[in-house]
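Visitor: Just dropping this structure here.
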Amino acid sequence: METRRLHLLLELSRLGSMRAVAEAAGTSTSTVSQQIAVLAKETGAALIEPHGRLVRLTPAGRRLAEHAEGILAAVEAAKLDLAPDAEPSGTLRTAGFATAIRAHLLPVVAELAATHPRVRLLVSEHEPAEALHLLAEDQTDLALVYDYDLAPAAFAPALHTTALWTAPWGLGVPAAGSDHAPPASAPEVLARFRERDFIVNSRGAADETVVRTLASMAGFTPRVTHRADSLDLVQGMITAGLGVGLLPAGTALLPGVRLLPLTAPDVTLRAYALARRGRLDWPPLALVTELLVRRAAERGDRPRGA
Numbered sequence: 001m002e003t004r005r006l007h008l009l010l011e012l013s014r015l016g017s018m019r020a021v022a023e024a025a026g027t028s029t030s031t032v033s034q035q036i037a038v039l040a041k042e043t044g045a046a047l048i049e050p051h052g053r054l055v056r057l058t059p060a061g062r063r064l065a066e067h068a069e070g071i072l073a074a075v076e077a078a079k080l081d082l083a084p085d086a087e088p089s090g091t092l093r094t095a096g097f098a099t100a101i102r103a104h105l106l107p108v109v110a111e112l113a114a115t116h117p118r119v120r121l122l123v124s125e126h127e128p129a130e131a132l133h134l135l136a137e138d139q140t141d142l143a144l145v146y147d148y149d150l151a152p153a154a155f156a157p158a159l160h161t162t163a164l165w166t167a168p169w170g171l172g173v174p175a176a177g178s179d180h181a182p183p184a185s186a187p188e189v190l191a192r193f194r195e196r197d198f199i200v201n202s203r204g205a206a207d208e209t210v211v212r213t214l215a216s217m218a219g220f221t222p223r224v225t226h227r228a229d230s231l232d233l234v235q236g237m238i239t240a241g242l243g244v245g246l247l248p249a250g251t252a253l254l255p256g257v258r259l260l261p262l263t264a265p266d267v268t269l270r271a272y273a274l275a276r277r278g279r280l281d282w283p284p285l286a287l288v289t290e291l292l293v294r295r296a297a298e299r300g301d302r303p304r305g306a
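The sequence shown stops at residue 306 when you use this note's numbering, and every number in between is there.
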């Protein structure tokens, strides 16, 4: 059983089409099809089946792809052990929230193009719950997710978690009328806006949990009315008078928006890189995780607990 054929099968499980595998491998679609057909004969099992105008892996094909990942990672690790200068290669699927992609992952993509051109990243924007689902279903290799210290996430034991950075958040409010408010604790800040509508994330529950927790500490139930995923849209909704909502400290504010600090307790976003346990030995995954950790440190972002 040739590792080259296992690699093609693994790429098919990740990319989803013969054409995409052929483009990534620099070969023809017919060659990919032939090699997988040979692999099926070697294993004695049907590995692919028709799926509309495309193909998909059979249960046996998915199982062999799982074995292939470990086999190829072991082969790559052996190569690195014998030849430390060997270059990591492969297609790494990543899923993460927009801020992590924009500020951290895209610079890593540019760095890889210059330093490790044989490592290819597939990037998908997803909120944490979506990214974790993709990771559980083996539809992504690396998930960039976040939680808040006031709304901690419980990650599955089968996942390996790498802390990346932390960032303080505040409450975005209309600038008019909030310029001279005295310093106050986070619950007291929210209490000032108890008669306003609150804007929360449309694709996740973490920030709504933070809002409801702080409001509960202040003795009221927040009126959560509007939902938006884009932070730019949240600011637009604030300027339009639709309500108030959480925003990261240091973000560029639109005219008409003011950010009030939330302290005592602080509201802190915590970012992580997650992968399935046992896969961090795969060189492309280990490399990208290392680059993300390094970039967070170079930016001066605080690691969790700092």
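Don't be surprised by glycine CBs; every beta carbon is placed ideally from N, CA and C.
1) Between the beta-carbon of L121 and the beta-carbon of L112, is there less than 8 Å?
2) Quick one: is A306 buried, meaning 16 or more other Cβ sit within 10 Å of its Cβ, or exposed?
3) So who's on the other strand from P261, going by DSSP bridges?
4) Helix, strand or coil for D138? Go by DSSP, reduced to three states.
5) Nearest CA to the CA of L175: which residue from R118, F97, V21 and L259?
6) Ordered along the chain, which non-local residues of its own chain (more than five positions away) have a Cβ less than 8 Å from that of E298?
7) So, using beta-carbon positions, are E130 and R14 closer together than 8 Å?
8) Please name the residue in T239, P248, R294 and D281 whose C-alpha comes closest to that of G70.
9) Hey, A296 and W165 are a contact pair by Cβ (cut 8 Å); roughly how many whole angstroms apart?
10) Take R4 and list the residues in its own chain whose beta-carbon comes closer than 8 Å to its own, dropping the five residues that flank it on each side.
11) If we call anything under 8 Å between Cβ atoms a contact, is H104 one with L292?
12) Measuring CA to CA, which of I48, E42, D138 and A24 is closest to T91?
13) Assuming N201 and R227 make a contact with CB atoms under 8 Å, what is their CB distance in whole Å?
14) Going by beta carbon distance, what residues of the same chain come within less than 7 Å of M237, once the five residues before and after it are set aside?
15) Straight-line CA distance for V145 to H160?
16) Would you report the Cα separation of A264 and L150, rounded to the nearest angstrom?
17) So the candidates are S124, S28 and T209; which of them puts its Cα closest to the Cα of Q139?
18) Leaving out five residues before and five after A215 in sequence, what residues of the same chain have Cβ atoms less than 6 Å from its Cβ?
Guide: Well, looking at it:
1) Yes, the pair counts as a contact, with Cβ atoms nearer than the cut-off.
2) Residue placement at A306 is flagged as unreliable, the pLDDT there being 29, under the threshold of 50; the coordinate-derived value follows with that caveat. Answer is exposed; the Cβ neighbour count stays below 16.
3) Note: P261 sits in a beta bridge opposite G170.
4) Assignment of D138 by DSSP, reduced to helix, strand and coil, places it in the coil class.
5) At residue 175 the sequence reads Ala, which differs from the Leu that was named. It is L259.
6) None.
7) For E130 and R14, no; Cβs fall outside 8 Å.
8) Nearest of T239, P248, R294 and D281 to G70, Cα basis: D281.
9) Approximately 4 Å separates the beta-carbon atoms of A296 and W165; this is inside 8 Å, confirming the contact.
10) Only Q35 meet the Cβ criterion.
11) It is a contact, given that the beta carbons lie within the stated cut-off.
12) Checked all of I48, E42, D138 and A24; the closest Cα to T91 is A24.
13) N201 to R227, Cβ: 7 Å. Contact.
14) Around M237, the same chain offers I199, H226, A228 and G243 as residues with beta carbons nearer than 7 Å, after the five sequence neighbours per side are excluded.
15) Those two C-alpha atoms are separated by around 12 Å.
16) In this structure, the straight-line span from the alpha carbon of A264 to that of L150 is close to 11 Å.
17) Answer by Cα proximity: S124.
18) Counting only residues of its own chain and dropping the five nearest sequence neighbours on each side, A215 has a CB closer than 6 Å to the CB of L190 and P222.
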